[in-house]
Structure formats: C-alpha cells, structure tokens
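Here's the structure, in structure tokens; my notes come after.
Chains as they are written, first to last, in this note's numbering: chain A, 9 to 417; chain D, 9 to 417.
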C-alpha cells in the first residue's frame with residue numbers, strides 16, 4: 009500500500025456520501041449529465057481570499073489565471089481580487105471581459121509582436137522579460153501612439169528554498185537579470201512609457217512559511233536596491249507567489265499567517281524609496297486548487313496478478329498532474345476517495361486507473377479505499393488548479409470533461 | 009553542452025535551409041499562415057510502410073491511431089495498412105470514416121457501455137480487457153441483436169525487455185491475465201459471439217531487435233498454448249507493436265529486418281493450432297514519428313547568468329513529450345535544428361524555451377546550434393507521433409498549432 013495526500017479541510021471531516029457545496033456528489037453528476045466532470049466551489053476560493061485578506065492587510069491580491077481560466081470561475085473570482093495576471097493573448101481576452109485593463113498584467117518570456125500590440129492597445133501592463141521585448145513594446149507604443157504600461161520582470165539573484173519549481177537564482181528565460189534591471193528601468197522611463205514597477209518571481213509551490221518570508225524580504229531589498237540604482241520609485245512591486253498546496257502524504261499546509269506577519273515586519277522596515285509603493289502577491293494554485301473536485305465513474309473492477317484495479321472513465325486526459333506526469337520526478341498519490349464512502353474505513357488496496365490505453369494513466373497507485381463497485385463515483389481532490397486546462401484533452405479522443413461551478417453568481 | 013538525438017534519415021543529410029517534402033521550411037510557414045505548426049510528410053510514412061512490408065511479408069500491419077489521429081493523415085494512411093487500432097469512441101468515429109469496420113479493433117481498459125454499444129453497432133472488433141467487459145459486450149450484443157466481434161486481450165506473463173513502456177509480465181489494467189484467458193475464450197465462443205482471436209501487447213518504444221523478436225516468439229507460444237487450452241484456433245493474433253524510435257543521443261534505430269527474419273522463423277515453426285491464423289503487428293509511433301516536424305519561430309534571444317536563451321513561440325502546449333514532461337523520468341533533448349542552417353556547424357550553446365510562463369517549457373537544453381536570430385524558424389523533429397494530440401493545447405491560452413500534410417492525397 010502507498011500513502012496518499014490528505015483531503016482539503018472542507019472535505020476532510022465528511023463521512024458517507026461526499027458533498028460539494030452541500031450537495032451530494034451524485035446530484036452534481038446528474039447536473040453534469042455524464043462523467044467525468046469537475047466541480048469548482050467558489051465558496052472555497054472566497055474562503056482562501058478571506059484568509060489572505062486577514063493575513064496580508066494592505067497587500068494587493070492578484071489571481072494568476074493560468075491556474076484555472078474557466079470563464080465562469082474567472083467571473084466569480086475577479087471581484088474578489090485586485091488584479092489578474094495573464095500569460096498569453098488568449099488569457100488577455102478572458103481577463104479583460106471581467107476586469108479593467110489597468111488591473112491586468114501580462115508576463116511570459118515569448119510575447120510576440122501581435123500579443124504586445126493587443127496588450128498595449130487594450131491598456132494592460134506588460135511585465136517585460138528582456139531588453140529586446142522592452143524595445144519592441146516601446147516601438148509598438150509609438151506606432152499606436154499609446155503610452156505603454158511597462159513593468160520590469162526581474163530574474164532575482166535569490167531563489168525560493170523548498171519550492172516545487174524554482175524560478176530565481178539561476179540563468180533563466182524569465183525576466184532580466186537583476187544586474188541589468190536598473191538600466192532597463194532607465195531606458196523605459198526615458199522612452200516616455202508609463203513605468204509600473206517590478207515583477208519578481210522566485211519560485212512556486214512552497215509549503216515552508218519561513219522560506220517564503222525570507223524570499224519576500226530579499227525581494228523587497230532587491231526592489232529597493234534596483235529602485236535606488238534607477239533613481240525612481242516603483243508604483244508597484246509584484247512579490248510573486250509561491251504559496252504551495254499539500255498534495256501528498258506528509259505535506260503540511262502553508263502557514264500563510266506567518267508569512268503575513270513576516271511581510272508586515274519587512275514592509276514596516278522598508279527603505280524610503282519604496283515608501284509609496286504598493287505591493288502585490290500573485291497566487292494561482294493556492295486560491296483555486298482546494299476548490300476543485302474531479303469526479304469519475306468506475307467502469308470496471310478487475311484483478312490481475314493478485315492486484316486489484318478500479319478502471320474509471322476519467323484519466324490523465326483531464327488530470328495530467330494527478331497521474332504524476334507533469335513536472336514531477338517521482339509519482340505520488342493525490343488525495344482521492346470513493347464518493348459514496350468518504351471518510352469510511354478502507355477495506356482493500358486498489359489502483360485507480362483511467363481509460364487511456366497507456367500505463368501512464370494511473371490516478372491512484374495501490375491506495376487503501378472502501379470497496380468500490382462498478383458505477384461508483386471516485387473523487388480526486390485538489391483538482392481546481394492545473395487540471396482541465398493543463399491536461400492533454402484530445403489524447404485518445406475522449407470527450408472533454410464538463411466543468412461546473414458551485415456557489416457561483 | 010548537452011547532446012541531442014539524431015535527425016531522422018530523411019533530414020540528416022540536409023544542409024542550409026531545411027526542406028520538408030522538397031519545399032523550404034519558410035514556404036511551409038507561409039502555407040500555415042502563422043507559427044508554430046506541424047508538417048507531416050506522408051511519403052515518409054509510406055516509406056516506413058514499405059520497409060515493414062518488405063521485412064514482414066504476409067503479416068498484417070495495423071496503425072494505432074492514438075499516435076496521430078489527424079483526419080487528413082489518417083485518410084492518407086488508411087489505404088496503406090490492413091487495419092486501424094482505436095482506443096475510444098472518438099477514435100472510432102475517425103477510423104470508420106476511412107476504413108471498413110471489420111478492419112478496425114478497439115482496445116482500452118475502461119470501455120463504457122456507450123462505447124461498447126457504438127462499437128458493436130458499427131461492427132468493430134472489441135479487444136476485451138476483462139471478464140466483466142466481455143460480459144457487458146455480450147449483453148449489449150444480445151440487446152442489439154448483433155453478434156459482437158470479440159477478441160481477448162491477454163496480459164502476457166512475459167515482458168518486452170528494454171521497452172520504454174512495459175505492459176506485460178506484471179499486474180496490469182490491460183487485458184486478462186494469461187492464466188484466465190482460455191476460460192474467457194470459451195465463455196465468448198459459448199455465448200455465440202464472433203471470436204476474433206488474441207491481442208497481446210507486451211510493451212512499446214523498444215529499440216532492441218533481439219528483445220522484440222524474443223517477445224514475439226513468446227507471444228506466439230502463448231497464443232498457441234491458450235488456443236490449445238481453449239480448444240479453438242484464433243482467426244487473428246495481434247502481436248502488439250513495440251517498435252521504438254531513436255529520440256535521444258546514443259539511441260540506435262531499430263533493425264526491423266532482423267525482427268522480421270526472426271518472426272518468419274518463429275511462424276514457420278508454429279504449432280498446428282495456429283496454422284490458419286493471421287498475424288498482425290500494431291504500430292503507431294514507428295510509422296509516423298519521423299514524418300512530423302514542428303516548426304516554431306524565435307521571438308527573443310536573451311542572455312541570463314552567462315547562458316543564452318532562444319525563446320520561441322511554440323512549446324509544451326503542442327509538444328509536451330519534447331519538453332520531457334510526458335512519461336519520462338530524465339529530461340533529454342529531442343533532435344532539433346535551426347531551420348535556415350540545418351546541418352551547419354554549431355557556433356554557440358543555447359537553450360530553446362517556449363513561451364509558456366513555466367520552467368517546464370524547455371524544448372532544447374543547452375544544445376549546440378548555429379547562431380539563431382529573432383525571426384528564425386526552429387525545427388523539432390520526431391514530432392509526428394504523440395505531439396499535437398498528446399499535449400495540453402489549452403494550457404496558458406495560446407492558439408492551437410496548424411497541422412499540414414505533405415504528399416497527401
């Protein structure tokens with residue numbers, strides 16, 4: 009038997025039939041019309057936002073829509089946050105439908121001229137990733153006779169310890185190396201563009217509050233140093249994100265309040281050049297992962313070589329990350345449950361596999377569950393981030409999964 | 009500097025501007041209208057088919073459409089092969105448009121009743137994966153008053169040595185364990201269904217001819233043993249596939265002629281119970297991988313921490329496997345080239361990264377290339393299999409890649 013991660017707090021104490029937003033999983037299945045499908049509970053997102061607000065008073069909250077760009081979910085989240093962070097022209101079209109352009113910023117190492125043109129034309133802030141991109145953006149602004157809103161993305165000379173994905177402290181396609189950032193700021197200011205400040209992202213998926221706090225303090229110090237070097241105060245410093253989610257057995261959820269306390273101390277002591285600067289934290293996964301449940305039905309129950317398999321009708325075509333095939337070296341089990349017996353004593357060890365004709369399509373590897381029957385729903389948790397939109401939906405020609413909203417408006 | 013795999017034979021001797029099917033890469037870009045895009049050269053697929061026919065006279069060739077289900081490509085391949093192997097109802101709809109139902113077989117561990125119904129109704133052969141699935145298929149056949157075409161997929165008690173993906177010799181969601189297969193055949197025959205034979209798939213992506221030959225010999229012996237045990241000769245034995253493609257530095261292409269020679273010997277000596285049996289080999293990747301090139305344009309050229317990056321407009325959203333994030337433990341470089349200087353001496357070490365705002369989006373890691381400029385095309389080879397349809401196209405909201413056919417008809 010192998011361990012699996014803990015259910016998110018909103019589901020951890022349930023017993024019997026799983027409910028999502030107070031409704032039984034089978035009712036959601038009836039709404040969806042077919043399996044597999046996702047349900048996203050906006051109330052859980054709102055609870056995470058409230059927790060952030062309480063821990064980080066005065067700090068702007070940005071939602072990185074790459075984590076889950078479903079339009080209905082985005083419409084529900086937009087009023088709860090101060091900004092939306094986007095990474096393509098496609099995401100721009102979704103963001104601008106629900107948020108003013110001035111509250112949208114666009115990062116990404118490979119922005120094409122057509123993307124820069126759309127972004128500048130619509131008044132979105134560009135986090136420029138290189139001197140070359142800055143030059144193209146300034147040129148496009150001149151041609152459009154629009155003063156572009158440009159922030160400088162900095163590749164920091166620090167990294168986020170213990171992050172699942174390090175993005176700083178090393179050669180990187182993201183941002184301009186810190187040693188060249190001040191010069192780029194001066195170029196931007198001299199061009200007459202509207203300089204919006206810094207975007208500094210050191211890593212993601214970290215569960216250690218102390219590590220995030222240290223990174224934030226170092227980021228503030230770096231922003232101050234660069235601002236002094238450029239002799240101009242940044243209107244905004246985007247401190248990045250990095251708040252992780254406990255997917256796996258042994259993971260402990262992040263003590264965001266500790267991060268908030270440390271950030272308050274760091275900001276209280278910040279250098280004068282940042283006195284009037286606003287600060288933002290950019291979160292994707294931490295806001296939406298817990299809110300999503302992926303539900304799939306057992307199609308077959310079979311034995312092979314003394315092991316038991318539950319074959320379900322959903323798999324890595326909708327939930328690539330849960331299969332362990334997206335950015336992870338060692339496959340580990342996401343939390344999952346038999347929906348009609350959540351929280352009940354396990355009675356057997358089973359592997360839960362998807363319908364795809366590849367051994368990669370395994371959602372639960374030798375986990376302990378109550379006995380599942382053909383027709384039962386299986387729930388995979390932490391499916392709200394990097395699920396439907398980050399999976400190879402066309403692979404093997406199965407239909408897309410429906411995506412439903414609970415507590416939406 | 010890190011190594012990369014060798015270009016496929018059709019491209020390995022080119023110098024200067026890359027040509028695909030005799031046309032310069034930039035002409036294909038003009039056809040596509042935008043980058044990134046795929047080109048699939050049907051002539052290369054046809055050359056692989058011809059090589060197979062020469063090496064395996066009298067053996068049926070099946071195309072596993074999961075490798076590349078593009079309808080136009082499928083229409084071009086269908087007349088060249090004896091059968092199409094599918095893995096979902098979605099693939100069934102594509103296959104039946106270009107091939108008679110009797111030449112189509114459907115494998116997959118999680119076939120739902122609605123998929124079984126469509127398959128039986130259209131006359132496709134089902135490779136049944138369990139006793140439970142066989143029972144459901146027989147029941148659906150009775151309700152439809154159609155005699156279902158059923159083959160038994162066997163989980164062999166052998167594995168394919170050196171295969172990239174082992175699918176035999178262990179507990180598995182695929183097929184019925186060999187020890188129970190004969191009993192299932194008897195059940196199927198007794199039900200009045202049209203028993204079509206065995207499907208036995210021991211692994212995929214193997215480059216060792218000797219290992220494949222041993223597996224095929226063992227598969228034939230297993231099929232004979234099961235047929236004798238069930239006291240009925242199988243009309244067809246699908247020997248599986250497993251023919252690999254040399255993606256990485258040091259990989260040697262598979263000597264299929266050696267496999268063919270060994271198979272001929274094994275079949276010449278086959279037991280009497282298989283005397284009138286047809287044999288098929290099911291290939292996906294080996295037929296189409298070499299035929300595909302993914303072309304993407306350089307958007308930025310930047311330096312960070314002493315390393316050089318070429319940022320291109322295509323990435324893991326279209327070519328997940330090339331980024332090393334799909335079923336591989338250690339990331340290695342696919343073959344790639346600067347399209348206007350293919351085969352020319354490298355002058356610099358660069359990393360080629362995609363436009364996605366994630367460090368996972370790396371197509372070439374510290375490879376040696378001639379100097380690339382913004383606007384140049386970069387070609388990624390071996391993109392014909394498990395590319396566009398096996399990648400998370402929606403991830404980060406970029407447009408889908410165009411897919412063009414060369415030498416199609």
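Heads up, the beta-carbon is just placed ideally off N, CA and C, and yes, glycines get one too.
(request) Could you spell out where the beta strand (DSSP E) holding residue 300(A) opens and where it closes? (result) To locate residue 300(A), count along the first chain from 1; it is residue 292. Residues 300-312.
(request) Would you check if the segment 371-381 of chain D and the segment 393-402 of chain A touch, i.e. whether three or more CB-CB distances between them fall below 8 Å? (result) no
(message) By the DSSP assignment, the alpha helix (DSSP H) with residue 62(D) in it spans what residues?
(response) In the second chain, residue 62(D) corresponds to position 54, counting from 1. Segment 50-63, the alpha helix (DSSP H) holding residue 62(D).
(request) List the DSSP bridge partners of residue 45(A). (result) As a position in the first chain, residue 45(A) is number 37, starting the count at 1. Its beta-bridge partners are 303(A) and 410(A).
(message) Going by C-alpha to C-alpha distance, which of 416(A), 338(A) and 311(A) sits closest to residue 137(D)?
(response) Taking the second chain and counting its residues from 1, one reaches residue 137(D) at position 129. Closest option to residue 137(D), Cα to Cα, is 311(A).
(message) Residues of the segment 140-161 of chain A in Cβ contact with chain D at a cutoff of 9 Å, in chain order, please.
(response) 140, 141 and 144
(request) In angstroms with no decimal places, state the Cα-to-Cα distance between residue 366(D) and residue 75(A). (result) For this step, residue 366(D) is matched to residue 358 along the second chain. For this step, residue 75(A) is matched to residue 67 along the first chain. Their Cα atoms are separated by approximately 12 Å.
(message) DSSP three-state label for residue 393(D), please.
(response) Numbered from 1 along the second chain, position 385 holds the residue referred to as residue 393(D). In this structure, residue 393(D) counts as coil in the three-state DSSP scheme.
(request) Measure the CB-CB distance between residue 73(D) and residue 100(D) and report whether it falls below 7 Å. (result) Indexing the second chain from 1 puts residue 73(D) at position 65. Indexing the second chain from 1 puts residue 100(D) at position 92. Not in contact: residue 73(D) and residue 100(D) (Cβ atoms no closer than 7 Å).
(request) Report yes or no: is there a C-beta of chain D within less than 7 Å of the C-beta of residue 260(A)? (result) Stepping through the first chain from its first residue, residue 260(A) is reached at position 252. No - not a single Cβ of chain D is within 7 Å of the one on residue 260(A).
(request) Could you tell me which chain D residues have their CB closer than 9 Å to the CB of residue 402(A), listed as they occur along the chain? (result) By 1-based counting over the first chain, the position of residue 402(A) is 394. Within chain D, the residues near residue 402(A) are 77, 98, 396, 397, 398, 399 and 401.
(request) Output, in chain order, the set of chain D residues within a Cβ distance shorter than 7 Å of residue 406(A). (result) For the purposes of this step, residue 406(A) is identified with residue 398 of the first chain, where counting begins at 1. In chain order: 96 and 98.
(message) Give the list of continuous beta strand (DSSP E) stretches no shorter than 3 residues that lie fully inside the segment 155-234 of chain D.
(response) 157-163 and 202-208
(request) Taking residue 4(A) as the query, report the chain D residues whose CB atoms sit under 8 Å from its CB, ordered along the chain. (result) There is no way to answer for residue 4(A), as the model of chain A reaches only from 9 to 417.
(request) Keeping to the same chain, check which residues put their C-beta closer than 6 Å to that of residue 107(D); ignore five residues upstream and five downstream. (result) Here residue 107(D) corresponds to residue number 99 of the second chain, with the count starting at 1. Closer than 6 Å at Cβ, skipping near neighbours: 86 and 92.
(message) Rounded to whole angstroms, what is the Cα-Cα separation between residue 235(A) and residue 344(D)?
(response) Looking up residue 235(A) in the first chain gives position 227. Looking up residue 344(D) in the second chain gives position 336. Spanning the two alpha carbons is a distance of roughly 41 Å.
(request) Check the Cβ of residue 418(A) against every Cβ in chain D and list those closer than 9 Å, keeping chain order. (result) Given a span of 9 to 417 for chain A in the structure shown, any question on residue 418(A) remains unanswerable.
(request) State the beta-bridge partners of residue 325(A) as determined by DSSP. (result) Looking up residue 325(A) in the first chain gives position 317. None, per the DSSP bridge assignment.
(request) Could you work out which residue in 248(A), 35(A), 97(A) and 124(A) is closest to residue 212(A) when comparing CA atoms only? (result) Translated into the one-based positions of the first chain, residue 212(A) becomes position 204. Selected option, being the one with the closest Cα: 248(A).
(message) Give me the DSSP bridge partner(s) of residue 26(A).
(response) As a first step, residue 26(A) must be located in the first chain, where it is residue number 18. The partner list for residue 26(A) (beta bridge, DSSP) is empty, contrary to what the question assumes.
(message) If you follow the alpha helix (DSSP H) that residue 147(D) is in, where does it begin and where does it stop?
(response) Taking the first residue of the second chain as position 1, residue 147(D) is located at position 139. Start and end: 139-152.
(message) Can you pull out the residues from the segment 114-131 of chain A whose beta carbon lies closer than 8 Å to at least one beta carbon of chain D?
(response) 115, 116, 117, 118, 119 and 120
(request) For residue 315(D), decide whether its Cβ has a neighbour in chain A, counting only Cβ atoms nearer than 7 Å. (result) Locating residue 315(D) in the second chain gives position 307, counting from the first residue. Yes, because at least one Cβ of chain A sits closer than 7 Å to the Cβ of residue 315(D).
(request) For the segment 334-402 of chain A, list the beta strand (DSSP E) runs that are entirely contained and at least 3 residues long, ordered along the chain. (result) 344-346, 356-361, 370-377 and 385-388
(message) Under 7 Å, Cβ to Cβ, is there at least one residue of chain D near residue 234(A)?
(response) Taking the first residue of the first chain as 1, we reach residue 234(A) at position 226. Not an interface residue.
(request) Would you identify the three-state DSSP class for residue 103(D), choosing helix, strand or coil? (result) Taking the first residue of the second chain as 1, we reach residue 103(D) at position 95. Three-state DSSP puts residue 103(D) in a helix.
(request) To the nearest angstrom, report how far apart residue 192(A) and residue 199(A) are at their CA atoms. (result) Along the first chain, one-based indexing puts residue 192(A) at 184. Along the first chain, one-based indexing puts residue 199(A) at 191. Distance between the alpha carbons of residue 192(A) and residue 199(A) is about 11 Å.
(message) Report the start-end ranges of each beta strand (DSSP E) in the segment 63-137 of chain A that is 3 residues or longer and not cut off at the edges.
(response) 68-72, 91-94, 112-114 and 133-136
(request) Give the DSSP-derived three-state secondary structure of residue 281(A) in the structure shown. (result) Translated into positions along the first chain, residue 281(A) becomes position 273. If DSSP states are grouped into helix, strand and coil, residue 281(A) belongs with the helices.
(request) Kindly indicate if chain A contains any beta-carbon less than 7 Å away from that of residue 185(D). (result) As a first step, residue 185(D) is located in the second chain; it is residue number 177 there, counting from the start. Closer than 7 Å: yes.
(request) Answer with buried or exposed for residue 411(A), where buried requires no fewer than 16 other C-beta atoms within 10 angstroms of its C-beta. (result) Position 403 of the first chain, counted from the start, is the residue given in the question as residue 411(A). So residue 411(A) counts as buried.
(request) Excluding the 5 residues preceding and the 5 following residue 202(D) in the sequence, name in chain order all residues of the same chain whose CB lies nearer than 6 Å to its CB. (result) The residue you call residue 202(D) lines up with position 194 of the second chain. These residues qualify, in order along the chain: 155 and 157.
(request) Run down chain D in chain order and give the residues with a C-beta less than 7 Å from the C-beta of residue 362(A). (result) Within the first chain, the letter at position 354 stands for residue 362(A). Those within 7 Å of residue 362(A) in chain D are 118.
(request) Just tell me which of 290(A), 337(A) and 135(A) has its CA closest to the CA of residue 184(A). (result) Mapped onto the first chain, residue 184(A) falls at position 176. Cα-wise, what sits closest to residue 184(A) is 135(A).
(message) Using a Cβ distance threshold of 8 Å, determine whether the segment 26-45 of chain A contacts the segment 238-254 of chain A, with at least three qualifying pairs required.
(response) no
(request) Pick out whichever of 358(D), 219(D), 206(D) and 390(D) has its Cα sitting closest to the Cα of residue 294(D). (result) Numbered from its first residue, the second chain carries residue 294(D) at position 286. The shortest C-alpha separation from residue 294(D) is found at 390(D).
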